[in-house]
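Residue numbers (the working numbering): 48 to 114.
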């Protein structure tokens, strides 16, 4: 079992729950695109050919979401 001392998993899940209806302060189409991208990264899709295959960590998913 992995330890998450900084609560990245909880922060990500809270952000994802808040953003279900779209990310505020940006257009609907941009919000949909970002949410689809983050979901793909969560499942390990559309990652770089040079990156390790598989799903991304919660820390890796949270870092780009600081907007």
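Don't be surprised by glycine CBs; every beta carbon is placed ideally from N, CA and C.
Residue i burial status per 10 Å Cβ neighbour count (16 or more: buried)
i: residue 59; result: buried
Residue i vs residue j beta-carbon contact at 8 Å
i: residue 66; j: residue 82; result: yes
i: residue 91; j: residue 78; result: no
Residue range of the unbroken alpha helix (DSSP H) whose run includes residue i
i: residue 56; result: 55–65
i: residue 81; result: 75–90
Given residue i as reference, the closest of the options once Cα atoms are compared
i: residue 86; options: 74, 72, 97, 62; result: 62
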